[in-house]
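Quick notes on the structure that follows.
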Amino acid sequence: MRLTVGQATVRFLAAQRTERDGVEHRLIDGWFGIFGHGNVAGLGQALLEAELTDPGAAPYRQARNEQGMVHAAAGFARQRNRMSTLACTSSIGPGATNMVTGAALATVNRLPVLLFPGDVFATRVADPVLQQLEDPRTGDISVNDTFRPVSRYFDRVWRPEQLPSALLNAARVLTDPVETGAVTIALPQDVQAEAYDWPDELFAPRVWHVPRPVPEPAALARALDVIRSARKPLIVAGGGVIYSEATEALRELAEATGIPVAETQAGKGSLSYDHPLSLGAVGATGTTAANEFAREADVVIGIGTRYSDFTTASRTAFAAKNVRFVNINVAAFDAAKHSGAMVVGDARETIKQLQKALTGYRTDDAYRERAGRLAAEWDAIVERAYRAGHQPLPAQTEVIGAVNDAAEPRDVVVCAAGSMPGDLHKLWRTRDPKGYHVEYGYSCMGYEIAGGLGVKLAAPDREVFVLVGDGSYLMMSQELVTAVQERIKLIVVLVQNHGYASIGRLSESVGAQRFGTAYRFRDGDGRLAGDTLPVDLAANARSLGAEVIRATTVDELTDALTAARKAEGVIVVHVDADPYVDSPGSGSWWDVPVAASSTLNTVRDANARYREGKRAQKHYL
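Going by the UniProt record's numbering, the sequence shown opens with residue 1, and the numbers climb by one from there.
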């Protein structure tokens, strides 16, 4: 079959499927692309031909920013529990390197995305071409080599003969729950357009079976010995619980054993917020209930978590002197953390085996009753934060409360950076495993709208609420145009607080007095401390094609959200909030170094507090 490299790539990917539990999915459900001289004649032409000759085989959508389209692919993959993703193609040079941040985000979060950056001429007959970086030391490096450290698989196809192995390896990594992340195949622009005679079998339908590895019996036995010895066990549910569709198995395990459940950011939704054994968020952005149980836990059972510093409160959350860990994870790399008893296996299958083996084990009545009581006390705190009645501008917690009230159980909230992820982790009442989508592995400003677009593409039957602060909106809002173009419904709640609220709080906590965190004119003293900048983000959103509703009070916000649910297309609800109102505290800590020497009293005081916090850190050896 004589095809160009671009045509062969599109045709091969259209034939790939994934399968788990007898259910098949398209591996590559569509393409995003921004075309230039590095890909327009190769993958661009191939996608046009596919659209004309085989509609639906390789659906193409325009993007407005290369980083944004990778974020959308990551959001799509996460919503689909990593069984499907999107491919992204760019031209060479800045178009390619714009995707690097998105690649890092996907790899940090263990999310499959497939990237095809255009590359320089393989023949080198026209070097240096437009946008080519020359390296005087070697001729085989381009800017695309920056993808290597942020990709789980990287290849550059210098000759058509190399394409089959590159594509097969790409599909292997994308469908491996241990290895998955960003996959990058750099395609030189002349190679993309080169024709070659391909074997027909390359394009035959192929099914990649996503495994559910079962734990080694000896490893399971060691873990069971630790769990049975526990008087105050605690389950920490991470993203792996949701990706493996293990939430029902987790609920059954918790109810059978009486072990309460705390959740990471990626694992939020593993257990409904109102379940009597649900303690909610744990760690630096956790609830008082979860963190109290974490401090006292003698055995921590981590399921599908990578134990980030927010989950462990920088290794201060699990404070019992002889605390032990049982780590259930499909990746040995994560299962080995904190010197835990390693159980390498699929979360759902391992939980089922744990429950069967723990027949007869149960925490005492007082322990379970206390979990329910503390969770109820925290929920009362949430209710007060939702109804704070702060004047003249509402608190951010009230904005979150209004959105939570407007959202139905299967609706999805999307967020990524700023102060809102921490507030959402503590306060959002999650009722569905896929109802909470906060990117907090890379916590990338600008992810929100693009990620929300990906979520909606993956789950068109769910309402998607994107919560974004003005700082993140200014970083990347262009994919609003893509959503408008595709007639995709998004409800974007744009919270305007005229600066970096999260970093403002952090700056204050380290004694840096919120320096450089507010959007202000430069004043007469040469400092950025003048009047607020006259930025109208609502007008900006309207100029991009979105319908905009302005709200100045919580009541107006509630009405706006009601109207947004009934509307079609992209709706941006703009609301001002007070950046100086903190969410309820959870008595937790996060390790951010403080200047060890300063003339400022605020810094010296912060350093004293920091040294005190450091004393509580544990090595978990």
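For glycine and all other residues, C-beta sits at the position ideal for the given N, C-alpha and C.
With a CB to CB cut of under 6 Å and the five nearest residues on each side skipped, what residues in its chain are close to residue i?
i, result
"Glu134", "Pro128"
"Gln189", "Gly38, Gly118"
"Gly446", "Ser472, Met475, Met476"
"Arg315", "Gln617, Lys618"
"Val288", "In the sequence on display, residue 288 carries Thr and not Val. Correct list, in chain order: Trp378, Ser586."
"Ser244", "Asp346, Ala347, Arg348"
"Leu13", "Ile28"
"Ile235", "Ile259, Val261, Ile301"
Tell me whether residue i is buried or exposed, calling it buried when 16 or more other Cβ atoms sit within 10 Å of its Cβ.
i, result
"Gly56", "exposed"
"Asn65", "buried"
"His209", "exposed"
"Ala290", "buried"
"Gly530", "exposed"
"Arg295", "buried"
"Pro421", "buried"
"Leu480", "buried"
"Leu167", "buried"
"Leu130", "exposed"
"Glu161", "exposed"
"Phe521", "exposed"
"Pro177", "buried"
"Glu439", "buried"
"Pro579", "buried"
"Ala204", "exposed"
"Ala608", "exposed"
"Leu52", "exposed"
Whose CA, out of the options, lies closest to the CA of residue i?
i, options, result
"Asp555", "Gly545, Leu600, Pro394, Thr517", "Pro394"
"Glu377", "Leu187, Leu467, Leu27, Tyr273", "Tyr273"
"Glu463", "Tyr436, Tyr440, Leu174, Met475", "Tyr436"
"Gly569", "Ala546, Thr562, Thr553", "Ala546"
"Tyr60", "Gly452, Pro94, Trp158, Gln45", "Gln45"
"Asp334", "Phe325, Ser142, Arg306, Glu349", "Arg306"
"Val241", "Pro433, Tyr440, Ala512, Gly613", "Pro433"
"Glu19", "Ala539, Arg206, Leu453", "Arg206"
"Ala122", "Gln132, Leu111, Val573", "Gln132"
"Gly419", "Gly30, Asp582, Met1, Ser244", "At residue 419 the sequence reads Ser, which differs from the Gly that was named. The option with the nearest alpha carbon to Ser419 is Asp582."
"Leu187", "Pro276, Ser244, Glu245, Cys88", "Cys88"
"Asn601", "Asp525, Asp309, Leu621, Gln513", "Gln513"
"Val125", "Val113, Pro112, Leu114, Gly139", "Gly139"
"Thr430", "Val403, Val226, Cys444, Ala450", "Val403"
"Ala104", "Tyr442, Arg137, Ser339", "Tyr442"
"Ala539", "Asp470, Gly499, Asp605", "Asp470"
"Leu253", "Lys352, Val226, Tyr196, Ala281", "Lys352"
From residue i to residue j, what distance separates their C-alpha atoms?
i, j, result
"Val510", "Arg222", "43 Å"
"Ala317", "Arg542", "44 Å"
"Glu508", "Thr517", "10 Å"
"Glu263", "Thr285", "11 Å"
"Arg278", "Lys426", "Note that residue 278 is Ser in the sequence shown, not Arg. When rounded, the distance between both Cα atoms is 13 Å."
"Ala564", "Gly33", "29 Å"
"Glu448", "Gly181", "19 Å"
"Phe325", "Ala319", "12 Å"
"Leu561", "Arg505", "28 Å"
"Glu194", "Ser90", "18 Å"
"Tyr386", "Tyr367", "29 Å"
"Gln7", "Asp54", "12 Å"
"Thr9", "Val299", "49 Å"
"Asp576", "Asp423", "17 Å"
"Gly401", "Val23", "37 Å"
"Asn81", "Glu369", "34 Å"
In chain order, what residues of the same chain lie with their CB nearer than 8 Å to the CB of residue i, ignoring the 5 residues before and after it?
i, result
"Ala237", "Leu250, Val261, Ala262, Glu263, Thr264, Gly267, Ser270, Leu271, Ile303, Gly304, Thr305"
"Ala336", "Asn327, Met342"
"Ser84", "Thr18, His25, Arg26, Leu27, Ile28, Asp29, Phe76, Ala77, Ala458"
"Ile549", "Ala560, Ala563, Ala564, Ile571, Val572, Val573, His574"
"Ala371", "Pro260, Pro276, Leu277, Leu279, Ala289, Phe293"
"Ser588", "Gly283, Ala284, Thr285, Gly286, Asn291, Ala313, Thr316, Ala317"
Going along the chain, which residues of its own chain have a beta-carbon closer than 7 Å to the beta-carbon of residue i, five neighbours each way excluded?
i, result
"Ile185", "Phe116, Asp155, Val157, Ala166, Ala170"
"Arg110", "Thr180, Gly181"
"Thr97", "Val143, Thr146"
"Arg152", "Thr107, Val173, Glu179, Thr180, Gly181, Ala182, Val183"
Under the criterion of a Cβ to heavy atom distance below 6 Å, does residue i qualify as lining the ligand COA?
i, result
"Gly56", "Among the ligands in the structure shown, none appear at all, so the ligand COA cannot be discussed."
- Which runs of the beta strand (DSSP E), 3 residues or longer, sit entirely within the stretch 2-81? 2-4, 16-20, 23-26, 28-33, 60-62
- Can you list the alpha helix (DSSP H) stretches of 4 or more residues lying completely in the stretch 368-435, in chain order? 396-406, 420-427
- Contained beta strand (DSSP E) runs [length at least 3] in the stretch 203-272, N- to C-terminal order: 206-209, 233-237, 261-263
- Please go through the stretch 142-215 and give each complete alpha helix (DSSP H) segment of 4 or more residues, from N-terminal end onward. 163-174, 189-192
- Task: At 3 residues or longer, and completely inside the stretch 440-499: list those beta strand (DSSP E) runs for me, N to C.
- Result: 464-469, 490-496
- Task: Let me know the alpha helix (DSSP H) ranges lying completely inside the stretch 515-603, each 4 residues or longer, listed in chain order.
- Result: 537-543, 554-566
- Residue ranges of each beta strand (DSSP E) within the stretch 94-138, 3 or longer: 113-119
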